[in-house]
Amino acid sequence: MSEISKWSIEEAIHTYQIDRWSEGYFSVNAKGELVARPTKEESSNISLSDITNEMKKEGIQFPAAIRFHDILRSQVRTLNETFQSTITEANFKGQYFGVFPIKVNQLREVIEEVVDIGKDYNYGLEAGSKAELLAVLAYNENPNSLTVLNGYKDLDYMQLAALGTQLGKNCVVVIEKLSEIYLLLDVMKSMNIEIKIGVRSKLGSKGSGKWAESAGEGAKFGLSICEILDLLEILKKEEKIHLLELFHFHIGSQIPDIRTIKENITEASRIYTDLIKLGAPIKFFDAGGGVGLNYDGSRSNCPSSTNYTLKDYIGDVVYILRDICDDAKVEHPNIVTETGRAVCAHHSCVVTNVFGNVELTNNKEIDTVPDSTDHLILKNIKLLLKDLNNSNYQDIYNDACILKDEAISAYKLGIIDLKQRSKIETLFWNINHRIISMTENQKYVPAEIKKLKYTLASKYLCNFSVFQSAPDSWAINQILPIVPLRRLDEEPTKPTTLADITCDSDGKISSFLGAEGNRSTLPLHELRKDEQYIIGLFLTGAYQDIMGDMHNLFGRLNEVHVYSDKDDPQGFYIEEVIHGHSAADVLGIMQYTPEMMCVKIKSQIDKQIKEGKIKPRVGVALNDFYEANIHGYTYLENL
Ligand SMILES: *Cc1c(COP(=O)(O)O)cnc(C)c1O
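So our numbering is basically just the index in the sequence shown, starting at one, shifted up by 198.
Structure representation (structure tokens):
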């Protein structure tokens, strides 16, 4: 680069949209390092590079998940306190009794932290399956908070609800399908116990975003209006209507558009007031989950974003519900939400190293002086490169594509040789590279030329599995913020796409956030010899943490739990390290017996020794080596 770069840290924050997705929990320090601010105070800056350095000292390999429990606590606090202040401000008569849907992240450490900080707010837990219920029953010990039981249910599930009720918990069984009520009534009868009941409604209003089908008439869960009225009749007949305490709806996850939320809250509020008038003693209005995140920073109604904030959402729930209750002259209920993603996503990230790059072309300069031995195709493509200028690049590009195709045909027919073909292809890529740099700062660039940039981008090879650590990026093209941990004071000049280490061509990331909307390449820095280049994937605390699979037998990640500490020179300490899966762990899950595998290898080595093909000393070393790998990490080590 001849020009002196005018790059600044502000530029880095803008390029990676850090201010827009991080909710103030991440920023960049003067040294160009990405920092976490778990308490949102400037004094709580923790350099992620300091954390990775400490991990290195302790021998913790990449990839690793870093968990900031202070962020999780802060988000639980924010949710509850914003509800409380909005309720006060709106002179709303009910209270907020939020529940954390553990589906979002069932890790014990996460649940313990949520329960601990949540007890000041009577913040409860929500389960959507039997196994989740078992966890929720054990960990929600606050009798004043709710335990909401969602999902399809069998007899055991209902009996577990009875157990929870017997333990003095505020368990509410939400009827997701009408027949469940008979099962629940049977359990109540046979165990001679009363269990609180909720009902999930299918609303008529539409959903939006990637989970739009969670709402509306076609939804998998919930009762239609007709069925809700049937439920009321059944409960009245059985003299159990006094147990119907909760009205529930859930309009999907990552709702991008606030209008969807407003419409659904409005409809649900109306249904609530009508059910009250029909004699249902409902105390809790449960608006489910759905609060989205600004993954791509755009603050728009695109699927990876939202056109509202958590505070806007809370304002809508409280004010719409209040106004409709007042209009219908019905008492204000308590409000429940099952906000998961928005509480949990920021607290964890995945850090890993880029261990190499793959370039489509080597950008070698080729002499364009004509040579009498040049085949016509080579001669012509040399001319194209010479003629290329700002006004004809699109034309030249198309001609170059034709020549490149012709060269391949000519080669197959034996008309040109390998050397000539190599020259033609190199010249073709040189033309492409030159067009990209010519159009770099142009306002309008034709789509095919834009695509070129993606085609020619370096593939940065990252030591992780998309399927384990960023499943939504693969499955639903969800954008996750990705930022290098260092060198943010330096302009990132390489457009890249990211490739993981699975043997799967889907194991890549090629959609990124950008200052001007989503883009197909991520600007990163040139890799340097002898210097590790580390990137972080952010907002992975919700769903990504726990939905990942073991494609190619890449297992769970190493994990470090970081807490802020004002008295520490680096501002943090690592409270706990949880080692990720070893090869033995993942093989065990696939029904292998690692000890048995070692025995098998040993006998094969012994056979080679017996036949004189391997020296005994070498055999022992090979055996030890195999065993060490069986107990090793599933990802690339010691790079
Ligand atoms: C998934 C789910 C949630 C959590 O939704 P978020 O979008 O993560 O807030 C809440 N309630 C129910 C019933 C769910 O299925």
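Backbone N, C-alpha and C fix where the C-beta goes; we use that ideal spot for every residue, glycine too.
Model, not experiment: these values are computed from the prediction.
From the options, residue whose alpha carbon lies closest to that of residue i
i: G420; options: G396, G495, T504 and L442; result: G396
i: I463; options: A668, I772 and A485; result: A485
i: E757; options: K394, K648, T363 and V308; result: V308
i: V274; options: K651, S709, A540 and A740; result: A540
i: I828; options: I633, G786, S412 and I707; result: G786
i: I714; options: K481, P261, S498 and F483; result: Note that residue 714 is Glu in the sequence shown, not Ile. Looking at the Cα atoms, S498 is the closest of the given residues.
i: L751; options: L722, R726 and Q789; result: Q789
i: R398; options: E729, S451 and E425; result: E425
i: L711; options: K800, I216 and S451; result: I216
i: N320; options: N278, L820 and K808; result: N278
i: G495; options: A417, Y642 and P454; result: P454
i: S403; options: W409, E392, I393 and E415; result: E415
i: D747; options: I732, G705 and G734; result: G705
i: Q304; options: S283, G326, S406 and K481; result: G326
i: N587; options: L335, A543, N578 and S635; result: S635
i: H759; options: G222, F266, S206 and E209; result: F266
i: C523; options: G488, P501 and K475; result: K475
i: N578; options: L558, E604 and V385; result: E604
i: D521; options: H544, A466 and S570; result: A466
i: D565; options: I264, K509, T624 and K813; result: T624
i: L581; options: H440, L430, I391 and F626; result: F626
i: P299; options: V372, R457 and N348; result: N348
Integer-rounded CB distance, given that residue j should sit under 8 Å from residue i
i: S546; j: D352; result: With 8 Å as the limit, S546 and D352 do not qualify as a contact, their Cβ atoms being about 33 Å apart.
i: R684; j: E231; result: 5 Å
i: Y493; j: W219; result: 6 Å
i: Q259; j: E825; result: Incorrect: roughly 18 Å between the Cβ atoms, too far for contact.
i: Y831; j: S780; result: 7 Å
i: I622; j: L576; result: 5 Å
i: S656; j: N561; result: Not a contact, Cβ separation roughly 11 Å.
i: P501; j: L442; result: The Cβ separation is near 36 Å, so there is no contact.
i: M356; j: L382; result: 5 Å
i: L722; j: P682; result: 6 Å
i: I674; j: K408; result: 5 Å
Reduced DSSP category for residue i - H, G, I as helix; E, B as strand; rest coil
i: A697; result: strand
i: A826; result: helix
i: I707; result: strand
i: N289; result: coil
i: F447; result: coil
i: T738; result: coil
i: C660; result: strand
i: K394; result: strand
i: Y652; result: helix
i: V541; result: helix
i: Y380; result: helix
i: S422; result: coil
i: P682; result: strand
i: E374; result: coil
i: L576; result: helix
i: A605; result: helix
i: L401; result: coil
i: A234; result: strand
i: M199; result: In this prediction, M199 scores a pLDDT of 43, lower than 50, which makes its location untrustworthy; no coordinate-derived value is stated.
i: K727; result: coil
i: N639; result: coil
i: I522; result: helix
i: H631; result: helix
i: K584; result: helix
i: G554; result: strand
i: F283; result: A small fix is needed here, since residue 283 is Ser in this sequence, not Phe. Helix at S283.
i: N561; result: coil
i: R754; result: coil
i: V818; result: helix
As an exercise, report each continuous beta strand (DSSP E) stretch of at least 3 residues that is fully enclosed by the segment 237 to 275, in chain order. 262 to 266
Do the segment 550 to 562 and the segment 656 to 666 make contact, defined as three or more Cβ pairs closer than 8 Å? yes
Between the segment 760 to 775 and the segment 680 to 696, can you find at least three pairs of beta-carbon atoms closer than 8 Å? no
Inside the segment 300 to 324 only - alpha helix (DSSP H) runs reaching at least 4 residues: 306 to 316
Does the pairing of the segment 644 to 658 with the segment 623 to 636 give three or more beta-carbon distances under 8 Å? yes
Touching or not, the segment 662 to 680 and the segment 698 to 708, by the rule of three or more beta carbon pairs under 8 Å? yes
Should the segment 762 to 770 be called in touch with the segment 235 to 242, which here means at least 3 C-beta pairs below 8 Å? yes
Could you tell me which uninterrupted beta strand (DSSP E) segments, each at least 3 residues in length, are contained entirely in the segment 444 to 501, listed from first to last along the chain? 482 to 484
Would you be able to state if there are at least three C-beta pairs under 8 Å between the segment 513 to 524 and the segment 702 to 710? no
Any contact between the segment 523 to 533 and the segment 722 to 731? By contact I mean 3 or more CB pairs, one from each, below 8 Å. no
Where in the segment 756 to 790 do unbroken runs of the beta strand (DSSP E), each at least 3 residues long, occur, reported from the N-terminal end onward? 756 to 762 and 770 to 776
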